[in-house]
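Participant: Just so we're aligned: 258 in the UniProt record's numbering is position 258 of the sequence shown, and the numbers increase by one with no gaps anywhere.
Quick reminder that beta carbons are idealized off the backbone N, C-alpha and C, glycines included.
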Amino acid sequence: MNRYTRRTLALEMLMIAVAIVFAFPVYVLVNLAIRAPSDTSSPISPTLSPTLDNFTQAWQEGGLGGALINSVLVTAVSVLIVLAVSSLAAYPLARSTAHWSRGTFLLILLGLVLPFQLAALPLYQTIRDLGLLGSVWSLVLFYAGLQVPFTTFLYVGFLRALPRDFEEAATIDGCGPLTAFRYVVLPMLKPITVTALVLNTVSVWNDFFTPLLYLSGSDQQTMPVAVAGFVGQFVSDWNLIFAALLISIVPVLAVYLALQRSIINGFAGGLKG
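Pasting the structure below:
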């Protein structure tokens with residue numbers, strides 16, 4: 001029978017302390033978001049007269065409705081393209097033993113080594129020549145290329161750890177490579193797919209520089225750019241900024257809560273694999 005020891009107590013106190021450290025910024029965020037601008041008390045002091053006017057004002061003044069739709073569209077389409085392309089590319093790279101397979105994989109890994117800022121100017125000129133500046137599809141095209149090397153790297157590492165027995169059995173039954181991948185391999189990739197889904201979604205959703213660059217001068221914007229619009233050179237209404245931040249967090253938080261069990265299991269399985 002396990003006893004409650006001092007070591008257990010110390011670990012519990014440590015975890016409580018860590019939880020407080022992580023929860024404190026969230027408390028300040030919510031506390032200021034529901035506080036009236038006329039209340040100038042300390043951000044740490046609890047708000048005694050909470051209000052939701054900040055959310056309404058931030059939604060109207062910042063155009064958060066359109067920004068939210070753009071962010072959801074860009075994130076969803078980009079991540080779907082990245083997952084589809086990366087999984088299909090990783091399968092032959094992980095299973096083939098030819099010399100071209102290793103060379104191609106190393107070439108893809110160059111996308112992890114070279115920072116995308118080196119290609120910012122050529123990419124901007126290419127997007128401009130394609131007539132996509134000011135369009136959310138420029139972001140989809142950019143993210144679809146940017147995230148593929150990292151995601152392919154994750155898939156290849158996971159595929160190399162999977163046994164080939166099921167694929168070989170499917171091949172004996174007459175399945176081609178694509179059919180075996182669709183019905184046999186793809187279901188086994190669920191853990192790493194969920195891991196890649198989470199990492200890519202967070203990366204695309206929170207990106208600020210790319211939408212600022214490609215959507216500048218148009219009426220299109222994403223949530224990070226819309227939130228940054230509340231910050232002025234001389235005056236910043238922090239109550240509206242924190243309210244807008246909470247609005248931008250809600251979609252990602254809702255998806256996480258809806259898929260919490262699958263995300264946790266998939267992320268743990270992806271790391272283990």
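Does the Cβ of residue 216 have 16 or more other Cβ atoms within 10 Å, making it buried, or fewer, making it exposed?
Facilitator: The residue in question, residue 216, is exposed, as its Cβ has fewer than 16 Cβ neighbours within 10 Å.
Participant: Nearest to residue 110 by alpha carbon, out of 97, 151, 121?
Facilitator: For the residues 97, 151, 121, the minimum Cα distance to residue 110 belongs to 151.
Participant: Starting from the Cα of residue 84, find the closest Cα among 58, 106, 135, 155 and give me that residue.
Facilitator: Taking only the C-alpha atoms, the option nearest residue 84 is 155.
Participant: Would you report the Cα separation of residue 234 and residue 141, rounded to the nearest angstrom?
Facilitator: Annotation note: pLDDT 47 at residue 234 (below 50); position unreliable, no value reported.
Participant: When you compare each of 108, 242, 203 to residue 74 by their alpha carbons, which one comes out closest?
Facilitator: Nearest option by C-alpha distance: 203.
Participant: Taking the runs of the alpha helix (DSSP H) that are 4 residues or longer, which of them lie wholly in the region 65-146?
Facilitator: Counting only runs of 4 or more, we get 99-113, 120-129, 136-146.
Participant: Alpha carbons only, please: which of 45, 247, 218, 29 is nearest the one belonging to residue 133?
Facilitator: When each option's Cα is compared against that of residue 133, the closest is 218.
Participant: With distance defined between alpha-carbon atoms, name the residue in 244, 149, 127, 207 nearest to residue 63.
Facilitator: Residue 244 is the option with its Cα nearest to residue 63.
Participant: Flag this pair as yes or no: are the beta carbons of residue 149 and residue 112 separated by less than 8 Å?
Facilitator: Yes, Cβ-Cβ distance for residue 149 and residue 112 is below 8 Å.
Participant: Would you mind stating whether residue 68 and residue 188 have Cβ atoms separated by less than 8 Å?
Facilitator: Their beta carbons are not under 8 Å apart, which means residue 68 does not touch residue 188 by this criterion.
Participant: Roughly how many angstroms lie between the CA atoms of residue 258 and residue 251, to the nearest whole one?
Facilitator: If you take the alpha carbons of residue 258 and residue 251, they lie about 11 Å apart.
Participant: Compute the minimum distance between the beta carbon of residue 46 and the heavy atoms of the ligand NAD, and state whether it is under 7 Å.
Facilitator: For the structure depicted, the ligand NAD is absent and the ligand set is empty, with no information on it obtainable.
Participant: Let me know if residue 20 comes out buried or exposed under the rule of 16 or more other beta-carbons within 10 Å of its beta-carbon.
Facilitator: By the neighbour-count rule (16 or more Cβ atoms within 10 Å), residue 20 is not buried but exposed.
Participant: Is it buried or exposed for residue 231, if we count other Cβ within 10 angstroms and need 16 for buried?
Facilitator: Per the 10 Å Cβ criterion, exposed.
Participant: Got a sec, what are the start and stop residues for the alpha helix (DSSP H) residue 165 sits in?
Facilitator: Its alpha helix (DSSP H) spans residues 165-172.
Participant: When you compare only the Cα positions, how much space is there between residue 97 and residue 194?
Facilitator: The alpha-carbon atoms of residue 97 and residue 194 are separated by roughly 27 Å.
Participant: Mind listing, in chain order, the continuous alpha helix (DSSP H) runs of no fewer than 4 residues lying wholly within the region 216-260?
Facilitator: Entirely contained in the region 216-260, the alpha helix (DSSP H) runs reaching 4 residues are, in chain order, 223-228, 238-258.
Participant: Let's see if you can read the secondary structure: which residues bound the alpha helix (DSSP H) around residue 25?
Facilitator: 6-33 is the span of the alpha helix (DSSP H), which, as asked, contains residue 25.
Participant: Between residue 198 and residue 153, what straight-line distance do the alpha-carbon atoms span, to the nearest angstrom?
Facilitator: The alpha-carbon atoms of residue 198 and residue 153 are separated by roughly 15 Å.
Participant: Would you kindly report the start and end of the unbroken alpha helix (DSSP H) that includes residue 202?
Facilitator: Its alpha helix (DSSP H) spans residues 190-206.
Participant: When you compare each of 44, 172, 33, 146 to residue 117 by their alpha carbons, which one comes out closest?
Facilitator: Closest option to residue 117, Cα to Cα, is 146.
Participant: With DSSP run on the structure shown, which of helix, strand or coil describes residue 53?
Facilitator: Three-state result, residue 53: helix.
Participant: With residue 180 as the anchor, note down where its alpha helix (DSSP H) starts and where it stops.
Facilitator: Counting along the chain, the alpha helix (DSSP H) containing residue 180 begins and ends at 177-180.
Participant: What did DSSP end up calling residue 187 once you bin it into helix, strand or coil?
Facilitator: Three-state DSSP puts residue 187 in a helix.
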